[in-house]
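Just so you know, we're using the working numbering here: the sequence shown kicks off at 190 and counts up by one.
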Amino acid sequence: MKAIPSLLRSGARSRSQLPLLAVVLLLVEFARGAALVSFLPLYGTNTLGLTLGTVGAAITAHYLTDTALKLGIGYGLDRLSIRTVVFVGMLVSLAGILLLPLAHAPSLFIAASALYGVGISPIWIVCLTRVREEKRASQMGTLYAIWLGGLGAGPIVCNIVLDYSDRAAYLLLLGSVAAATALSLLLGGRATTDSAQHVPLRRQLPVLRERLRAMRLLLPGMVLQTAVAGMLVTVLPTFATDRLALSGAQYSLLLTAGGVLTIGMLMPMGRLSDRLSRHRRWFLVAGFFAVAASLYALSFTRSFVLCVGLAALLGLSYAAVLPAWNALLAAYVPPSQKGLGWGMLSTVEGVGGMIGPVAGGLAATWRGEPFVVWLSALLFGLIGLCYGFLPLSEAADGRSKLSE
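Following this line, the structure appears as structure tokens:
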């Protein structure tokens with residue numbers, strides 16, 4: 190009986206921490222968007238005099254450390270406090286930012302970007318572990334909106350500041366990371382229940398292997414859908430200007446239309462997904478089919494108004510997919526291994542994110558940007574078709590016995 194008040198207090202702390210986690214996530218993603226899209230390319234070439242090849246290698250190094258450390262960070266979250274893991278990660282990221290002004294050598298610039306990638310993973314995995322399962326899609330819709338909002342606002346604000354001063358832009362980036370580091374000291378608790386902290390690794394690995402076997406039909410789709418998104422990111426700017434004949438301002442408006450609708454609809458779609466949880470697979474099927482149809486139509490249209498409408502449909506479709514997809518994955522995470530489980534799934538998705546840009550660039554060189562858009566539409570359609578037939582309902586069965 191004494192355990193009941195303790196569990197209630199733990200649940201209350203979990204819920205009360207979500208707003209603080211959301212603020213830290215916003216600062217982290219704002220800094221990430223500002224750094225990768227705007228600051229590192231311009232600061233590296235214009236201020237430090239580095240080549241675009243070095244900048245590209247630095248951004249790749251950032252994503253490599255972000256992805257490679259996810260599994261280890263997840264394991265650490267199951268054994269250490271959230272404050273410890275997030276604060277240490279943010280300190281390493283802060284060191285990477287502080288190293289940038291001294292990084293005149295390509296190796297130092299790449300190392301600074303890689304260090305910066307270390308602190309990105311912990312906060313997102315913590316958010317995944319602290320969401321309430323009965324409202325996962327709704328709360329994940331909110332977190333996804335914060336994530337996308339930060340990523341989108343970062344480059345916009347940074348570009349404006351860069352027009353006036355490189356130093357001011359650097360201080361903006363440094364201030365965001367420093368603020369996130371300071372706020373991480375206010376975090377408390379653990380990613381999993383207290384009784385799960387002492388489960389040895391030799392008992393955790395068989396359970397994770399069991400989960401991977403259970404979701405073996407989903408693993409190719411996990412890698413493929415993030416890879417296809419990465420392919421599109423590589424070719425969309427040149428596709429918009431060369432194939433669609435859009436100006437820079439029109440392309441920005443196109444991205445804004447899709448981004449605003451995605452962010453605005455993530456929370457309503459998340460709530461609807463929770464309300465219709467038994468039919469969640471159809472959010473994925475309809476969402477991926479709509480993405481495929483929009484991309485295919487986009488490759489043939491020449492009307493700017495129609496392009497904006499298709500971008501808005503893409504945003505709506507993405508908003509339908511993200512919360513439902515996260516709720517589906519949650520069924521495969523053992524309750525007593527949330528940190529390690531979400532770290533494992535994030536690593537799998539991260540592999541697709543690393544493959545996609547390279548594959549998109551090679552395919553565009555081989556057959557051109559329109560071919561990459563058509564191929565992406567086909568692959569998204571196939572993913573939606575697969576989700577219509579995969580036995581997703583089995584995911585909720587056979588939870589880990591470690592929680593007993």
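Ideal Cβ placement from N, Cα and C applies to all residues, glycine included.
Given the structure is predicted, the values throughout are model-derived calculations rather than measurements.
- Judged by DSSP in its simplified three-state form, threonine 240 adopts coil rather than helix or strand.
- Around the C-beta of aspartate 267, 16 or more other C-beta atoms lie within 10 Å, and the residue is accordingly described as buried.
- Under the DSSP assignment, lysine 259 falls in the alpha helix (DSSP H) whose first and last residues are 259–268.
- In the structure shown, threonine 490 falls within a coil segment according to DSSP collapsed to helix, strand and coil.
- The beta carbon of proline 559 lies closer than 6 Å to those of Arg432 and Ser488 in the same chain, with the five residues before and after it left out.
- Your pair isoleucine 452 and alanine 334 checks out as a contact, with CB atoms roughly 5 Å apart and the cut at 8 Å.
- Here tyrosine 521 carries a coil assignment [DSSP, helix/strand/coil].
- Its Cα nearest to that of leucine 579, the residue Val474 stands out among Val474, Ala246 and Tyr232.
- Sequence-distant Cβ neighbours of leucine 229 in its own chain, meaning closer than 7 Å and more than five residues away, are Val244, Ala247, Ile248 and Ser302.
- Rounded to whole angstroms, the Cβ separation of aspartate 355 and threonine 234 is 11 Å, and the two are not in contact under 8 Å.
- For the pair lysine 324 and leucine 465, the Cα-to-Cα distance works out to about 12 Å.
- Residue Lys259 holds the alpha-carbon nearest to the alpha-carbon of valine 274 among Leu361, Ser535 and Lys259.
- Inter-residue distance for leucine 425 and glycine 542 is about 16 Å (C-alpha atoms, whole angstroms).
- Taking C-beta separations shorter than 7 Å and ignoring five residues to either side along the sequence, the partners of glutamine 439 in its chain run Phe493, following chain order.
- DSSP assignment within the segment 275–318 yields the following whole alpha helix (DSSP H) runs of 4 residues or more, N-terminal first: 295–307.
- Taking all protein chains shown into account, serine 462 has 16 or more neighbouring C-beta atoms within 10 Å of its C-beta and is therefore buried.
- Ranking Gly341, Leu499, Leu495 and Ala220 by CA distance to the CA of leucine 360 puts Ala220 first.
- The three-state secondary structure of valine 320, taken from DSSP, is coil.
- Cβ atoms of glycine 419 and glycine 339 stay farther apart than 8 Å, at about 19 Å.
- Residue burial is scored here from C-beta neighbours: serine 441 has fewer than 16 other C-beta atoms within 10 angstroms and is therefore classed as exposed.
- The C-alpha of glycine 263 lies about 7 Å from the C-alpha of methionine 533.
- When the five nearest sequence neighbours on each side are left out, the beta carbons in the same chain lying within less than 6 Å of the beta carbon of cysteine 347 are those of Ala223, Ser227, Phe228 and Ala358, in order along the chain.
- One thing to note: leucine 376 has its Cβ within 8 Å of the Cβ of leucine 209.
- In the three-state reduction of the DSSP assignment, tyrosine 353 falls in the coil class.
- DSSP places glycine 539 within a helical segment (H, G or I) once states are collapsed to three.
- Secondary structure at serine 436: coil, using DSSP grouped into helix, strand and coil.
- Just measuring C-alpha positions, the residue of Tyr576, Leu280 and Val315 sitting nearest alanine 211 is Val315.
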